[in-house]
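Participant: Chains as they are written, first to last, in our numbering: chain S, 1112 to 1504; chain R, 187 to 508.
Quick one: structure below, then a few questions.
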């Protein structure tokens, strides 16, 4: 992948864009900072930020259809209040947002007409972003937009889309609406639409993870590498536990036992309070959850991670139930069951010991044989083995 | 030395009689020991252990032990094995790709090493000065440095290799887990069980712990159940699916039973817990000893043969004198 990306960067690099200021209403510095941030989030090699900058100002502006299904609009809200400079501007001006219920000025038939017009005009070229789960129970009557069920809308919009992005945990696998007992039969986009889907789970997902995925697509014409759950690897390949700022407390066995106890106030590990970091893949510790700024991610504020990015964990496991470690990584090492220490007995040492034992036995026998004889001063000189006997006596 | 034959014989006779009286009192049948009435213990469930080593550092704090460095980087507390400075250690079994917890093949598992507090402890039996004692009520095997003569018979006798000697000190003691008896005296529980975040190390009355172990064996794999933390029967519990337990509870029968028992998902031999006979070594060795000394057979034989040798030699000497 690396080679391909580098080749593309070379192709795309040329003169640095100067039109960003005019087109996006951003200072050149702020714009380039954004491009560098995205390139860093994606883990792209040096030079990628320039390629990204060129692609963004190029007049491509892919059309985006943004569907809202069973959800709370939190993903959109999170995107809009993102504190990084002008992300809202970029998402609005970098792409042509042709249909977005929350941000649309128009409503009703007018909005639906815009969607149909965009699909017809950009057949096979537009991006479909789905926010929210697909409600399927009872013929899909629990979520209808313009008289159409979620399933109908999704299939219709996805059919001609260049790519489908499921934004948020609800779209990724069902999320909160699919929590037990799941009365509306909510499920993820990939369960209904069988084509390729990029999942950006999170409740809400980090806007940077979404933007970086989109920018990667715009720049290189394809999505970044995905894991087996369709999540971009740059953001979801590491357990939260692996990069957690509280990890040293875990490794030293310092656990907060209750909210407000000494350990909790001291910033100790939240594992015992039910932190799902050890079984949740996300870049929250490094990119910070929700892009809300320094320290402001759940674990940073003292609440255990609920595992919102992980299917089967978030909204399924009780928030304060104990996580199961996916695997154990530790900078401290574990001793093996049998640790070889020191060396075994050498032949010479064994020979010396055996010799000593032989002398002792011989001496004891000789002593017993001569018991009572020693009382006479004029007795004959004792044999050699007897000497050691006398010494022992 | 000048010893007449008469004096010598008189002396041996007196000594022999004294030994016989003393020996008869002790030479009774050695019975298998059973759990003391209020036996306390620990239950270590390897399937619950996540290898956080909270027990290791809590043990250090509770027993004034310092970190131990062995990996060349003197930054992390990394005891290799039990030592006079590490009364409990977490060790890891791993095989193949070591991807799956509590699996024998391509898996890994943790085990906590510490004194097992045998029901019939070898260390207590071999100690010539009663420095090792087993509490008749709680069953805690403890050590009194004031009695100890440093012979280290206990080190050699322990089937689990637990007692460790302070070889690096001039006035050395022996060190082993004493189940935080000083904390128990204050009404607290052993430090390792107190800090364990998963309840992998559980403290409680030994009978309750054995019942808990049996309860876990009865669970169907994957069944949702509650696991207590700190003490058996505590209200501090959490819900989890029952793991697959591979074998029986270790410590119910091994060498007459131990008060620290083990549950695991991999065979115990893989975790360094040896396969041991049900009969305690102590009952065998003490039976041999008691039999030998029963009715003063062994001393009588010894003194008889010595007497024979003396008589023979003395006779020869007397003849020479004449």
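Backbone N, C-alpha and C fix where the C-beta goes; we use that ideal spot for every residue, glycine too.
As the structure is a prediction and not an experimental result, all values here were calculated from the model.
Tell me the rounded alpha-carbon separation between residue 1161(S) and residue 1263(S).
Facilitator: Residue numbering aside, residue 1161(S) sits at position 50 when the first chain is read from its first letter. Residue numbering aside, residue 1263(S) sits at position 152 when the first chain is read from its first letter. So the two alpha carbons sit approximately 40 Å from each other.
Participant: Looking at chain S, is there any beta carbon in it that lies within less than 8 Å of the beta carbon of residue 285(R)?
Facilitator: Taking the second chain and counting its residues from 1, the one referred to as residue 285(R) is at position 99. True, the Cβ-Cβ gap to chain S drops below 8 Å.
Participant: Report yes or no: do three or more beta-carbon pairs, one from the region 1169-1188 of chain S and one from the region 1212-1226 of chain S, lie closer than 8 Å?
Facilitator: As far as the Cβ criterion goes, the region 1169-1188 of chain S touches the region 1212-1226 of chain S, which means the pair count is three or higher.
Participant: In angstroms, rounded to a whole number, what distance separates the CA positions of residue 440(R) and residue 465(R)?
Facilitator: On the second chain, position 254 is the one that residue 440(R) refers to. On the second chain, position 279 is the one that residue 465(R) refers to. Residue 440(R) and residue 465(R): Cα-Cα distance of roughly 7 Å.
Participant: For residue 1058(S), I'd like the list of residues in its chain whose CB is within less than 8 Å of its CB, leaving aside the five on either flank, ordered along the chain.
Facilitator: With chain S represented from 1112 up to 1504, any question about residue 1058(S) goes unanswered, as that position is not in the structure.
Participant: Taking 8 Å as the cut-off, does the region 1340-1349 of chain S touch the region 1139-1157 of chain S (at least 3 CB pairs, one atom from each stretch)?
Facilitator: Yes, the region 1139-1157 of chain S touches the region 1340-1349 of chain S.
Participant: Run through DSSP, which three-state label would residue 278(R) get?
Facilitator: Your numbering for residue 278(R) matches position 92 in the second chain. If DSSP states are grouped into helix, strand and coil, residue 278(R) belongs with the strands.
Participant: Quick one: grab the DSSP three-state call for residue 378(R).
Facilitator: The sequence position of residue 378(R) within the second chain is 192, counting from 1. Residue state, collapsed to three classes: helix.
Participant: Once the 5 residues before and after residue 1338(S) are set aside, which same chain residues still bring their CB inside 8 Å of it?
Facilitator: As a position in the first chain, residue 1338(S) is number 227, starting the count at 1. Cβ within range, chain order: 1344, 1347, 1348 and 1392.
Participant: For residue 411(R), which residues does DSSP report across the bridge?
Facilitator: By 1-based counting over the second chain, the position of residue 411(R) is 225. In the DSSP output, where bridge partners are listed per residue, residue 411(R) has 426(R).
Participant: What in chain S is Cβ-close to residue 265(R), meaning under 8 Å?
Facilitator: One-based indexing of the second chain puts residue 265(R) at position 79. Within 8 Å Cβ-Cβ: 1446.
Participant: List the DSSP bridge partners of residue 499(R).
Facilitator: Here the question's residue 499(R) lines up with position 313 in the second chain. Answer is none; residue 499(R) lacks a bridge partner.
Participant: For residue 294(R), report the span of its beta strand (DSSP E) as first-last.
Facilitator: Along the second chain, read from residue 1 onward, the residue named residue 294(R) stands at position 108. 293-299 is the span of the beta strand (DSSP E), which, as asked, contains residue 294(R).
Participant: Is residue 1470(S) helix, strand or coil by DSSP?
Facilitator: Here residue 1470(S) refers to the residue found at position 359 of the first chain. Here residue 1470(S) sits in helix by DSSP.
Participant: Any idea if residue 1362(S) is buried or exposed, counting beta-carbon neighbours within 10 angstroms, 16 or more meaning buried?
Facilitator: Taking the first chain and counting its residues from 1, one reaches residue 1362(S) at position 251. That one is buried.
Participant: List, in chain order, every chain S residue whose beta-carbon is nearer than 7 Å to that of residue 379(R).
Facilitator: On the second chain, residue 379(R) is found 193 positions in, with the first residue counted as 1. None at all; the shortest Cβ gap to chain S is about 13 Å.
Participant: Just to confirm my understanding: we take residue 1278(S), look at its own chain, exclude 5 residues before and 5 after, and list those with CB closer than 8 Å. What are they?
Facilitator: Position 167 of the first chain, counted from the first residue, corresponds to residue 1278(S). These residues qualify, in order along the chain: 1186, 1240, 1241, 1242, 1311, 1316 and 1321.
Participant: Going by the CB atoms, is the gap between residue 443(R) and residue 305(R) shorter than 8 Å?
Facilitator: Here residue 305(R) is taken as the residue at index 119 of the second chain, counted from 1. Here residue 443(R) is taken as the residue at index 257 of the second chain, counted from 1. Yes; because the gap between Cβ atoms is below 8 Å, this pair is in contact.
Participant: So, is residue 1221(S) buried or exposed, given that buried needs 16 or more other C-beta atoms within 10 angstroms?
Facilitator: Counting from 1 along the first chain, the entry for residue 1221(S) is found at position 110. Per the 10 Å Cβ criterion, exposed.
Participant: Is residue 1413(S) close to chain A, meaning its C-beta is less than 8 Å from at least one C-beta of that chain?
Facilitator: Included in the structure are the protein chains S and R, with no chain A among them.
Participant: Give the interface partners of residue 384(R) over in chain S, defined as CB-CB distance under 7 Å, in chain order.
Facilitator: On the second chain, position 198 is the one that residue 384(R) refers to. Ordered by position in chain S, the residues that pass the 7 Å Cβ test against residue 384(R) are 1433.
Participant: Below 7 Å CB to CB, which residues in the same chain sit around residue 333(R) once its five sequence neighbours on both sides are set aside?
Facilitator: For this step, residue 333(R) is matched to residue 147 along the second chain. If we look at residue 333(R) and ignore the five residues flanking it on each side, its Cβ neighbours are 315, 316 and 317.
Participant: Given residue 474(R), which residues of its chain have a CB within under 8 Å of its CB, disregarding the five upstream and five downstream residues?
Facilitator: The residue given as residue 474(R) occupies position 288 in the second chain. Nothing listed; no residue qualifies.
Participant: Looking at the strands, I want to know which residues DSSP matches up with residue 272(R).
Facilitator: The sequence position of residue 272(R) within the second chain is 86, counting from 1. In DSSP, residue 272(R) forms a bridge with 269(R).
Participant: Identify every residue that forms a DSSP beta bridge with residue 390(R).
Facilitator: Taking the second chain and counting its residues from 1, one reaches residue 390(R) at position 204. Per DSSP, 227(R).
Participant: Measuring alpha carbon to alpha carbon, tell me which of 226(R), 352(R) and 433(R) ends up nearest residue 370(R).
Facilitator: If you number the second chain from 1, residue 370(R) lands on position 184. Selected option, being the one with the closest Cα: 226(R).
Participant: From 1297(S), 1319(S) and 1469(S), pick the residue whose C-alpha is nearest to that of residue 1191(S); which is it?
Facilitator: Taking the first chain and counting its residues from 1, one reaches residue 1191(S) at position 80. Among 1297(S), 1319(S) and 1469(S), the Cα nearest to that of residue 1191(S) is on 1319(S).
Participant: In the DSSP assignment, the beta strand (DSSP E) including residue 1310(S) goes from what residue to what residue?
Facilitator: Working through the first chain from its first residue, we reach residue 1310(S) at position 199. Taken as a continuous stretch (DSSP letters only), the beta strand (DSSP E) holding residue 1310(S) covers 1308-1311.
Participant: Compare the C-beta of residue 1339(S) against all C-beta atoms of chain R and say whether one is closer than 8 Å.
Facilitator: Within the first chain, numbered from 1, the residue matching residue 1339(S) stands at position 228. Answer no: the Cβ-Cβ gap between residue 1339(S) and chain R never drops below 8 Å.
Participant: Tell me the rounded alpha-carbon separation between residue 418(R) and residue 484(R).
Facilitator: Here residue 418(R) refers to the residue found at position 232 when the second chain is read from its first residue. Here residue 484(R) refers to the residue found at position 298 when the second chain is read from its first residue. So the alpha carbons of these two residues sit roughly 49 Å apart.
Participant: Is it right to say residue 380(R) is buried, meaning 16 or more other beta carbons lie within 10 angstroms of its own, or is it exposed?
Facilitator: On the second chain, residue 380(R) is found 194 positions in, with the first residue counted as 1. Buried, because 16 or more other Cβ atoms sit within 10 Å of the Cβ of residue 380(R).
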